[in-house]
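Peer 1: Protein chains in written order, with this note's numbering: chain A, 1207 to 1494; chain B, 2 to 347. For each residue, glycine too, the CB sits at the ideal point set by N, CA and C.
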Amino acid sequence: EKADPQKTAFLLRKAWTVYSVTPLYGFRRARLRDYARLLGAFIAAEKQKGLAVEVGVELDIKVALSSLADIRGSELDQAALLVQLSSRSRGSSRNSEDKPVWWGWFCSVFGDELSESVPEHFTCLPLFLSHGAESYTALVGSWFQKTFDCCFRRLAISPLNLSWMVAMWAGCKLDRATSAVELVFSVPRLAQPLDISYAIHPEDAKALWDTVQKTPGEITQEEVDVFMDCLYAHFHRHFKIHLAAAKLVKVSTTIASAHCDGIVKILHSQYLPGVLMLLTELAISQIQ
Amino acid sequence: MDETVAEYIRRTVLKIPRDEIRMMLQKWGFLSEAQLQTLNFNQIKDNISQEVVQLCEENSADIKQAAVLDIIYNHIYQNKRMWSVYQMKKSGEELEYFDITDFKKNFKRRLRSALKNVTITFKEYEDNAIWIRVAWGTPYKKPNQYKPSYVVYHSQTPYVFISSSVLKSTLPLLCQALVVASNYHDIREMDLRSHSLNSLKDIVFKRYSQNFQTCTPKPLQGGNVEPENADIRIVEENRSEKERIHRLNQDVFGSGPQPKLEFAQYRLETMFKSDPKMDVLDKKEPFRCLVKFSSPHLLESLKSLAPAGMADAPLSPLLTCIPHKARNYFKIKEKKGLYRASFVSP
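#1: Sort out for me which residues DSSP pairs K81/B with in a bridge.
#2: List the DSSP bridge partners of C1313/A.
#3: What do you reckon, is the C-beta of W1308/A under 7 Å from a heavy atom of the ligand MG?
#4: Would you say T1459/A and S1385/A are within 8 Å of each other, going by their C-beta atoms?
#5: By how many angstroms is the C-alpha of L1414/A removed from the C-alpha of Y404/B?
#6: For the alpha helix (DSSP H) that contains S200/B, what are its first and last residues?
#7: Pull up the CB-CB distance for T1214/A and D1266/A, whole angstroms please, since I reckon it's below 8 Å.
#8: Run through chain B and tell me which residues come within less than 9 Å of I1402/A, C-beta to C-beta.
#9: Does the beta carbon of K1446/A sit closer than 8 Å to a beta carbon anywhere in chain B?
#10: So H298/B contacts chain A; which residues on that side make the cut at Cβ distance below 7 Å?
#11: By the criterion of Cβ-Cβ separation under 7 Å, what are the contact partners of S317/B in chain A?
#12: Quick one: list the residues of chain B neighbouring C1378/A, beta-carbon separation under 7 Å, in chain order.
#13: Only counting the same chain, and skipping five residues up and downstream in sequence, which positions put a Cβ closer than 8 Å to that of I72/B?
#14: Going along the chain, which residues of its own chain have a beta-carbon closer than 7 Å to the beta-carbon of P144/B, five neighbours each way excluded?
#15: Mapping DSSP to helix, strand and coil, what is F99/B?
#16: From the DSSP output, read off the bridge partner residues of P1306/A.
#17: For a contact meaning CB atoms closer than 7 Å, what does H1440/A contact in chain B?
#18: Helix, strand or coil for H1407/A, going by three-state DSSP, please let me know.
#19: Would you kindly work out how many angstroms separate the C-alpha atoms of H247/B and H1444/A, rounded to a whole number?
#20: Run through DSSP, which three-state label would Q251/B get?
#21: Out of H325/B, I323/B, K304/B and M24/B, which one is the CA nearest neighbour of P315/B?
#22: Residues of the region 1414 to 1442 of chain A with a CB closer than 7 Å to any CB of chain B: list them in chain order, please.
#23: Might you give, ordered along the chain, the residues of its own chain that have their beta carbon closer than 7 Å to the beta carbon of D100/B, omitting 5 neighbours on each side?
#24: Going by CA-CA distance only, name the one from S166/B, M2/B, K334/B and P318/B that's closest to E59/B.
#25: If Y1438/A sits next to F1328/A, beta carbons under 8 Å apart, how far is it from one beta carbon to the other, in whole angstroms?
#26: Closest to W1308/A by C-alpha separation, out of Q1351/A, C1378/A, Q1476/A and T1223/A, would be which residue?
#27: For V1393/A, which residues in chain B fall below 7 Å Cβ to Cβ?
#28: Would you kindly work out how many angstroms separate the C-alpha atoms of L1218/A and C290/B, rounded to a whole number?
#29: So, do the region 1461 to 1477 of chain A and the region 1366 to 1374 of chain A have three or more beta carbon pairs nearer to each other than 8 Å?
#30: So does the region 1398 to 1415 of chain A actually touch the region 1471 to 1481 of chain A, counting three or more Cβ pairs closer than 8 Å?
#31: When you compare the CB positions of S1226/A and Q1492/A, do they come within less than 8 Å of one another, or not?
#32: Grab me the residues of C351/B's own chain with a C-beta within less than 6 Å of its C-beta, minus the 5 sequence neighbours each way, in chain order.
#33: The beta strand (DSSP E) spanning Y290/B covers which residue range?
#34: Please state the DSSP three-state secondary structure of I1277/A.
#35: Alpha carbon to alpha carbon, what distance is there between E1487/A and K1420/A?
#36: Taking Cβ positions only, does E227/B come closer than 8 Å to chain A?
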């Protein structure tokens, strides 16, 4: 099934929990309808076993699998795969609408590094994002693991990765930057834990990045370090606190936000491929 | 009994933790001891509150009495609310004798002249604290009892603590009534906010132990200076640095417990300055930032940063001035001609 371009709008402004996924063995694009049926039956069976997902309300879960052809980096990438769970309460009329309750999608954006190195019969979709109840994520995840012999792991985003993201996203050209460039730090090991939110006007953050970046289109680790050092120095000048010694846990810009526990929100459609490319790269390094 | 009053009492009792209901009803004093004896506190709260409502029905409770119970609840659970601090100003030097009856009368009169439908309740506590609860209505609607404002006024001081109703338009009316009733001339909001009402009082009444500059170095207490790891090789070298940090911390924070604040916010409009070698931003306009510090106990947390190696000692005056400047919201601009920041009130 081919998806229409409007489908990608649902990806924006949702908080996605991000995982890395090892290559799927024996996955066949032509069998999406069969997989939907099998996954639906699996979920129904698990619910009967007493692993109740919704308490109180009797719900039938309908499963739909589709391809999102627009979400890929190059022809070498597999098209993204969307899994959608909807509920329809039992006993309501036949024409009642299905209410979506859970989304999960697999994708690969410029993930050639991985796809080039796997043998035949393996499909590479190393990035998985889910939104909805954790219990559904567990059910869908365990079915995929059993069926395609793959492994899901929550994506840990290190302070180093987060600083790359904030530097990159702060430097993006936008007609109108509406949100501040915010960095959130945590100092947990004190007797009284401390959180520090450091939010910079987006124009000023971009102006700083523009003087740091030497070659447009290219970003080096050194440039990211200089950018961060400038922010730390400005902070230290005022508060005498060494921010670099604190833990960077979340970054947020007009384009996207990311939390170290592997939660990401994409806010700007123009930069969706760029964000996915970065996440694909992180997922692949976590797999390898 | 009015059914809206019954419902209000029922909901208020439901908020109270089960093992505190009896105590609060006793403090309230509206139900007799005999009536309280009939209550079964070993059942679910839903049932307890229904029984309380029955008893209130017997005594024909009205909204005025129900409002007193609400004040009692909010006085005990004052830290659930966010409090802002206001300071009133007198036009002259006259010291007037404070008469509580006049105050209440004038407060009610001023509010009612502006708005007919209000419920106004007073309760006095120790420490000269007068608690005022105001429920707001409109010319056509009865007061909304579920979104009241609470005011704590210490009559011997110019300070008022307000936990505002979410109905923003009511704040100016409230301030006006306070100024008129207390014979002041003006009122202004301080940039000081916290959930801990007592800490706010500690700060403005200067009840916390403040830092004193000592001429001679104080003899060191044990405790804080003990190194955490027992590595004998580095004790000597590290010890003097730890002692120095400890001493500077004491000088700046004082040795007593700090008032409890949850956050401090700084709007920075200072210039970005960097090492010229780095060849980065050199704008003539300010580098605009908003910095927010949050902690269950902010000042204790900041105090522990230098000993933990996270900050220089002494810590920046921007942070250490919070209690004695009585503010936790700041706007910092560049001082002209000097490489320093100065405080500017918004």
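Peer 2: Here's the rundown:
#1: Start at 1 with the first residue of the second sequence, and residue 81/B comes out as number 80. Answer is none; K81/B lacks a bridge partner.
#2: Sequence index remark: in the first sequence, residue 1313/A carries index 107 (1-based). DSSP lists L1333/A as partners of C1313/A.
#3: The model on display carries no ligand, and the ligand MG is accordingly not part of it.
#4: Here residue 1459/A corresponds to residue number 253 of the first sequence, with the count starting at 1. Here residue 1385/A corresponds to residue number 179 of the first sequence, with the count starting at 1. Cβ atoms of T1459/A and S1385/A: closer than 8 Å.
#5: With chain B running from 2 to 347 in the structure shown, residue 404/B is simply not present.
#6: The residue given as residue 200/B occupies position 199 in the second sequence. L198 to V205 is the span of the alpha helix (DSSP H), which, as asked, contains S200/B.
#7: Position 8 of the first sequence, counted from the first residue, corresponds to residue 1214/A. Position 60 of the first sequence, counted from the first residue, corresponds to residue 1266/A. In this structure T1214/A does not touch D1266/A by the C-beta definition: roughly 28 Å separates them, more than the 8 Å allowed.
#8: Stepping through the first sequence from its first residue, residue 1402/A is reached at position 196. Those are V292, K293, F294 and S295, listed as they occur along chain B.
#9: Taking the first residue of the first sequence as position 1, residue 1446/A is located at position 240. So, interface residue.
#10: Looking up residue 298/B in the second sequence gives position 297. Near H298/B (Cβ distances below 7 Å), the residues of chain A are Q1398.
#11: On the second sequence, position 316 is the one that residue 317/B refers to. Neighbours of S317/B on chain A, chain order: H1444, F1445 and K1446.
#12: Position 172 of the first sequence holds residue 1378/A. Within chain B, no residue has its beta carbon less than 7 Å from that of C1378/A; the closest one is some 17 Å off.
#13: For the purposes of this step, residue 72/B is identified with residue 71 of the second sequence, where counting begins at 1. Hits under 8 Å: T122, K124, W132, R134 and Y151.
#14: Here residue 144/B corresponds to residue number 143 of the second sequence, with the count starting at 1. The beta carbon of P144/B is closer than 7 Å to those of N118, V119, T120, A136, W137 and G138 in its chain, skipping five residues each way along the sequence.
#15: Walking along the second sequence from the start, residue 99/B turns up at place 98. Coil at F99/B, not helix or strand.
#16: By 1-based counting over the first sequence, the position of residue 1306/A is 100. Looking at the DSSP assignment, P1306/A forms a beta bridge with S1292/A.
#17: If you number the first sequence from 1, residue 1440/A lands on position 234. Under a criterion of Cβ atoms nearer than 7 Å, the residues of chain B adjacent to H1440/A are, in order, F273 and F288.
#18: Within the first sequence, numbered from 1, the residue matching residue 1407/A stands at position 201. Here H1407/A sits in coil by DSSP.
#19: The residue labelled residue 247/B in the question sits at position 246 within the second sequence. The residue labelled residue 1444/A in the question sits at position 238 within the first sequence. One C-alpha to the other measures close to 21 Å.
#20: As a working note, residue 251/B is residue 250 in the second sequence. If DSSP states are grouped into helix, strand and coil, Q251/B belongs with the helices.
#21: By 1-based counting over the second sequence, the position of residue 315/B is 314. When only C-alpha atoms are compared, the closest one is K304/B.
#22: Under the 7 Å Cβ criterion, the region 1414 to 1442 of chain A contributes L1414, T1417, V1418, V1432, C1436, A1439 and H1440.
#23: On the second sequence, position 99 is the one that residue 100/B refers to. Counting only Cβ-Cβ distances below 7 Å, and skipping sequence neighbours, we find nothing.
#24: By one-based count along the second sequence, residue 59/B stands at place 58. Nearest of S166/B, M2/B, K334/B and P318/B to E59/B, Cα basis: M2/B.
#25: Your numbering for residue 1438/A matches position 232 in the first sequence. Your numbering for residue 1328/A matches position 122 in the first sequence. Wrong, their Cβ atoms sit about 43 Å apart, outside the cutoff.
#26: The residue labelled residue 1308/A in the question sits at position 102 within the first sequence. T1223/A is the residue among Q1351/A, C1378/A, Q1476/A and T1223/A whose C-alpha sits nearest the C-alpha of W1308/A.
#27: Working through the first sequence from its first residue, we reach residue 1393/A at position 187. What V1393/A touches in chain B, judged by beta-carbon distance under 7 Å, is M311, going in chain order.
#28: The residue labelled residue 1218/A in the question sits at position 12 within the first sequence. The residue labelled residue 290/B in the question sits at position 289 within the second sequence. Going by C-alpha positions, L1218/A is about 27 Å away from C290/B.
#29: Judged by Cβ distances under 8 Å, the region 1461 to 1477 of chain A makes contact with the region 1366 to 1374 of chain A, as three or more pairs qualify.
#30: With the cut-off at 8 Å, the region 1398 to 1415 of chain A and the region 1471 to 1481 of chain A do not touch.
#31: By one-based count along the first sequence, residue 1226/A stands at place 20. By one-based count along the first sequence, residue 1492/A stands at place 286. Yes, the pair counts as a contact, with Cβ atoms nearer than the cut-off.
#32: Residue 351/B lies beyond the residue range present for chain B, which begins at 2 and ends at 347; the question has no answer from this structure.
#33: Against the second sequence, residue 290/B aligns to sequence position 289. Going by the sequence as given, residue 290/B is Cys instead of Tyr. From DSSP, the beta strand (DSSP E) with C290/B extends over F288 to S295.
#34: The sequence position of residue 1277/A within the first sequence is 71, counting from 1. Reduced to three states, the DSSP call for I1277/A is coil.
#35: Taking the first sequence and counting its residues from 1, one reaches residue 1420/A at position 214. Taking the first sequence and counting its residues from 1, one reaches residue 1487/A at position 281. If I take the Cα positions, the gap works out to 23 Å.
#36: Your numbering for residue 227/B matches position 226 in the second sequence. Here the model assigns E227/B a pLDDT of 46, short of 50, so the residue's position is not dependable and the matter cannot be decided.
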